[in-house]
């Protein structure tokens with residue numbers, strides 16, 4: 001946590017930690033109190049055997065925010081952090097001033113015909129991913145950084161080592177997979193939450209291009225889901241970026257977030 005002003009909570013995705021925001025945090029901290037926790041089971045957080053659904057993880061974050069002395073926040077999620085951020089906003093709508101989400105098809109709200117990504121299905125398989133990836137964490141996680149980024153050089157080998165070091169700790173990979181295994185539960189929770197649309201402004205961002213897949217694979221779906229779940233949604237495609245927006249295009253993201261947070265409409 002750092003900076004001063006109203007609180008901005010940044011929720012990272014997989015296979016990352018709070019460090020995903022390291023290029024964004026200093027600029028935001030000039031105007032806001034920036035809070036970037038590790039999600040349940042990831043980074044330096046504890047690794048319980050259960051409770052990886054968005055609702056439970058959102059409650060983790062909500063309790064943390066309260067203990068820090070804050071009530072209302074600006075909330076930002078990337079990848080699985082988007083699921084947690086949506087759950088938080090749906091559970092505590094009067095406490096989220098504005099919500100920004102990135103790079104996730106909201107569980108339960110994929111467009112018809114949208115095929116699941118291979119790793120999302122693989123990661124939900126009980127026990128098998130842990131067994132196959134054990135001892136090969138560097139090779140496995142590197143694939144995602146090399147293939148889901150428009151500009152892989154934006155994520156250095158030192159950055160990858162930072163992530164792999166945390167995910168290689170006992171229970172680290174399992175905890176990451178548990179977030180995916182919670183997707184069916186998330187979908188049910190999201191259907192229940194969807195009965196009341198979010199009323200706070202929502203900014204949905206997607207990377208413009210992921211070379212491995214020949215184009216954008218998440219921007220249309222994140223917009224599709226959020227427009228069902230919220231009343232006031234603005235969608236932006238991030239130029240020259242793949243999946244890892246905070247690291248690939250940090251200045252663009254900073255500019256968009258500052259503009260979004262500062263807009264009183």
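In my numbering, the protein residues as written are 1 to 265. Using N, Cα and C, we set each Cβ at its ideal position, and we do this for glycine too.
Item	Value
Excluding five sequence neighbours on each side, which residues of the same chain lie with their C-beta closer than 6 Å to the C-beta of residue 72?	95, 97
Who pairs with residue 7 in a beta bridge, going by DSSP?	33
Does the distance from the CB of residue 257 to the CB of residue 76 come in under 8 Å?	yes
For the alpha helix (DSSP H) containing residue 113, name the first residue and the last one.	Looking at the DSSP string, residue 113 is not in any alpha helix (DSSP H), and its letter there is neither H nor E.
Measuring straight from C-alpha to C-alpha, what distance separates residue 65 and residue 82?	17 Å
Residue 236 and residue 205: beta carbons closer than 8 Å?	yes
Bridge partners of residue 74, per DSSP?	8, 98
Which ranges does the alpha helix (DSSP H) cover as unbroken runs of at least 4 residues, wholly within the stretch 123–170, from first to last along the chain?	128–133, 137–147, 157–167
Starting from residue 82, trace the beta strand (DSSP E) in both directions and tell me its first and last residue.	It is not in any beta strand (DSSP E) - residue 82 instead sits in the alpha helix (DSSP H) that spans 80–91.
Considering just the uninterrupted stretch of the beta strand (DSSP E) at residue 188, what are its terminal residues?	Element bounds for residue 188: not the beta strand (DSSP E) but the alpha helix (DSSP H), 183–193.
Taking DSSP's pairing of strands, which residues face residue 202 in a bridge?	99, 233
State buried or exposed for residue 243, treating a residue as buried only when at least 16 other CB atoms are found within 10 Å of its CB.	buried
Go ahead and label residue 189 buried or exposed: buried means 16 or more other beta carbons lie within 10 angstroms of its beta carbon, across all protein chains shown.	buried
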